[in-house]
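First comes the structure, then the notes that go with it.
2 protein chains.
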Amino acid sequence: MPEQTNSVSPSRRALLGWGGAGLVVGAAAASGAVAVTREDSGAGDAVPAAATGAAVDFHGPHQAGIATPVQDRLHFAAFDVKTDDREEFVALLKEWTKAAARMTAGHAVGEGAFGGLAEAPPDDTGEALGLKPSRLTLTIGFGPSLFEKYGDTFGLTGKRPKALVDLPKFPGDNLDRARSGGDLCVQACADDPQVAVHAIRNLARIGFGKVAIRWSQLGFGKTSSTTPEAQTPRNLMGFKDGTRNVAGTDKTALARHVWVGEQDGPDWMTGGSYLVARRIRMNVETWDRTSLREQEDVFGRDKAEGAAVGKAKERDEPFLKAMKPDAHVRLAHPDSNGGATILRRGYSFTDGTDGLGRLDAGLFFLAYQRDVRKGFIPVQRSLSASDALNEYIQHVGSAVYAVPPGVRDKDDWWGRALFTGKA
Amino acid sequence: MPEQTNSVSPSRRALLGWGGAGLVVGAAAASGAVAVTREDSGAGDAVPAAATGAAVDFHGPHQAGIATPVQDRLHFAAFDVKTDDREEFVALLKEWTKAAARMTAGHAVGEGAFGGLAEAPPDDTGEALGLKPSRLTLTIGFGPSLFEKYGDTFGLTGKRPKALVDLPKFPGDNLDRARSGGDLCVQACADDPQVAVHAIRNLARIGFGKVAIRWSQLGFGKTSSTTPEAQTPRNLMGFKDGTRNVAGTDKTALARHVWVGEQDGPDWMTGGSYLVARRIRMNVETWDRTSLREQEDVFGRDKAEGAAVGKAKERDEPFLKAMKPDAHVRLAHPDSNGGATILRRGYSFTDGTDGLGRLDAGLFFLAYQRDVRKGFIPVQRSLSASDALNEYIQHVGSAVYAVPPGVRDKDDWWGRALFTGKA
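In the order they appear, the protein sequences are chains L and X.
Here my numbering is used: the first residue of the first sequence is 2, the next is one more, and so on.
Here my numbering is used: the first residue of the second sequence is 2, the next is one more, and so on.
Shown next, in the form of structure tokens:
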């Protein structure tokens, strides 16, 4: 399966067989999804995948975009369902799956692309043509409202996982309904933002009349890493804040903290995970006028190196009691929360300026976990009650989703086990 | 001058002399702006600047960020002045210049960085530490309102250039005042958006109390190229739309169409340019349901290759009369506008979703020219009157700025000739 090769990084141009000589769509395009060329796989062998813009496997036991090494950019969209027709919704999930497999492999949506009828709209909107796959991943999730609103209609009554709880209201929450919730979500991560934006836009286009975007969020820079050997990125407060994240290669930790196990139930979620998304506005102007000492006390780390209080290096094991009781690292640490551990995949955002001339900027927090009740909720209870950081941040958007397991092969589709009852 | 080397691509971490061993700020940092290491200049010699994250010269006869090969990402900010104190404003311009020189070279703002007093806020907000210079350019402009509102206060009476006209209202304009105008602007372009966002944020921080951001815009993907040999990028309509742009290496064309000449006046603008910024919302959902033929007729190009109607290749000279009279390429062509030619540097944006569930997406159009009256205005008069594209777009923000010449050396500063009267 070409989608499963990891070191191939064809450009979308090459895939479609376009040279510089006009409109001829050649054999590579005509053969569709199997038209991966290997003309530059030599470079792919020598250069890290991130640098070559390689493709990430779409198929597998888990959805890509969770344990996958975190890509640089994000476009995240929450959708609401607009149809009462189960067949139509299932057909959409199948069509989305097919399009996602093509786009993540670096192909245009639809085998016809522009080779089809001039009288019809193109199958692909076109702005990613010529761009590399850029490690695009597309990850779908189902929100609580899908089960509540469409339980009867879609035959989902009783299928809502117990672990997919509504989040409690935490102290300090100032949630905007227009930036919260959603029947569905798609997380698009890629090293090229144009590739991520293209993917969400084309899924929205395919879903026209059946689903509509409720809200969306662009993230311009990752704030977490799932690859311990890579440099830990910095958030908009200038701190490294994901040093002790779950590693995407640590199968034991993933099985314990991230993937839903067979024993957890429901069956359709085995191999899946739960996603919490929080839009966290940072009062960067206030933060920027705070002394270095105060900033370091708030986090419990030094700013330059990222080492915990009293330690020399970023990865030295923190000694929590050396920190102030309300330090962020101390309160967020698994040892302060009965071992609660979440895989973080957040992104910095800036969405222009608010009415007071302040940057509308902050952290779009994304965290995956095996059970929201044992992951985000205890950690956030602790943080929202006491975190010294609360003076500088505000949670303004919130959503939670059940993220089903991976799409096994080209005949499988997003949510199949949920809708057919067959694992 | 280290800022003037073009092939050096030190990481900000290396510049500050931080190894992995904690907080020791070594000799490289202590020596400040001359602390450029050359540890990876070997790679820089073999790999294109874009790939190595190299620095672009800040100093020179023209500001960088105009003829410079277009970087991938943008953060653009319009500021309003908040002080009536000329000395304070001039001091800000000097401080901004110094910070811009450091940031574009890949340094943190301020020589102290975190080596200073723990009791003071850090000089740099920190989120770009460890990132490469990423070809960051920072380009300042002065809006008409600076001259109108602060003419007496700042001694600028009579100094407003004739070519810095207020733009007329064009048919179809639906401008939002909150996304238009501004006494000043700074255009930050970089291959890494975090580097661009960091730069604007730190300038805003330095300007606290003296200037405030009026509006800002993130651009996630370039839509124009000033390097003819590079692949022409695509806009969010999926089309290549900057094929015949002014080349950044074409000194004749730049002198004719972009740089203000000595004979043009005023003296303080010699070597400068004029910038028009327009936020152009695209109705992408409507566009995406339009047939390929209609889309190609609207542009006057084919979508796949980008060739003009009846031509085989993107760069074949277009035959305008083969296109429909209202085709975009035909109406925008210099031959249809008395030779009017502008250097385009626009970026695609997406700012979430509007109240109707549609993507708030489009083109943040940036164009540089020697005289707005002979550049943007005639082209936009032609387009706004007849362009077939108008059915799918709307201009929702607008601004125009006088962009002064470059900063010559480390003693020079942004706007010096304007404020001192000495060229």
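Ideal Cβ placement from N, Cα and C applies to all residues, glycine included.
Check                                                                                                                           : Outcome
Cα-Cα separation between E89/L and K95/L, rounded to whole angstroms                                                            : 10 Å
Residue ranges of each beta strand (DSSP E) within the segment 304 to 375 of chain L, 3 or longer                               : 348 to 354 and 360 to 370
Contacting residues, own chain, Cβ-Cβ under 7 Å from R98/L (five flanking each side not counted)                                : Before going on, a small fix: residue 98/L reads as Thr here, not Arg. Cβ neighbours of T98/L beyond the five flanking positions: V408, W414 and W415.
Close-in-space but distant-in-sequence residues of the same chain around A100/L (CB under 7 Å, 5 per side omitted)              : V110, N203, L204 and I207
Short Cβ contact (8 Å threshold) for A65/X with T138/X                                                                          : yes
Beta-carbon proximity of D153/L to F80/L, cut-off 8 Å                                                                           : no
Reduced DSSP category for K241/L - H, G, I as helix; E, B as strand; rest coil                                                  : strand
Assigned secondary structure, H108/L (DSSP; H/G/I helix, E/B strand, else coil)                                                 : coil
L304/L, buried or exposed, once every other Cβ within 10 Å from all chains shown has been counted against 16                    : Leu is not the amino acid found at residue 304/L; the sequence shown has Lys there. K304/L should be labelled buried.
C-beta neighbour in chain L for W216/X, strict 8 Å                                                                              : yes
Any chain L beta carbon closer than 8 Å to A309/X                                                                               : no
C-beta contact flag for G210/X and K83/X at 8 Å                                                                                 : yes
Straight-line gap, A389/X to R331/X (C-alpha atoms, nearest Å)                                                                  : 11 Å
Segment contact, 8 Å Cβ cut-off, at least three pairs: the segment 390 to 398 of chain L with the segment 252 to 263 of chain L : no
Integer-rounded CB distance, given that V373/L should sit under 8 Å from S225/L                                                 : S225/L to V373/L, Cβ: 18 Å. No contact.
Check whether L165/L and V247/L have beta carbons under 8 Å apart                                                               : no
Alpha carbon of R178/L to alpha carbon of S292/L, nearest angstrom                                                              : 34 Å
For G142/X and V401/X, the rounded distance between their alpha carbons                                                         : 9 Å
E315/X to M324/X span [Cα, whole Å]                                                                                             : 15 Å
Chain-ordered chain L contacts of T291/X [CB-CB under 7 Å]                                                                      : P122
Inter-residue spacing [alpha-carbon to alpha-carbon] between A119/X and D298/L                                                  : 11 Å
Same chain, Cβ closer than 6 Å to N175/L, neighbours up to 5 away in sequence not counted                                       : Q395 and V397
From A213/X, V187/X and A197/X, residue whose alpha carbon lies closest to that of G358/L                                       : A213/X
Three-way DSSP call (helix, strand, coil) for V247/X in this model                                                              : coil
Residue-level contact to chain X via CB, S85/L, 8 Å cutoff                                                                      : This sequence places Asp at residue 85/L; Ser is not what is there. No - not a single Cβ of chain X is within 8 Å of the one on D85/L.
Proximity test, Cβ basis, 8 Å: S385/L and chain X                                                                               : no
Cβ-Cβ separation, R74/X to G220/X (assumed contact under 8 Å), whole Å                                                          : 6 Å
Residue-chain proximity (K325/L, chain X), Cβ-Cβ < 8 Å                                                                          : no
A278/X and L367/X closer than 8 Å at C-beta                                                                                     : yes
Close-in-space but distant-in-sequence residues of the same chain around G173/X (CB under 6 Å, 5 per side omitted)              : S385 and N391
C-beta contact flag for A362/L and F350/L at 8 Å                                                                                : yes
Simplified DSSP assignment, three categories, for T291/L                                                                        : coil
Integer Cβ distance of P267/X from K423/X, believed to fall under 8 Å                                                           : Their Cβ separation, rounded to whole angstroms, is 13 Å, which puts P267/X and K423/X out of contact at 8 Å.
Contacting residues, own chain, Cβ-Cβ under 7 Å from T287/X (five flanking each side not counted)                               : Y393
The ligand SAH heavy atom lying under 7 Å from the CB of G422/L                                                                 : Ligands in the displayed structure: none, and consequently the ligand SAH is not present.
Residue-chain proximity (A213/L, chain X), Cβ-Cβ < 8 Å                                                                          : yes
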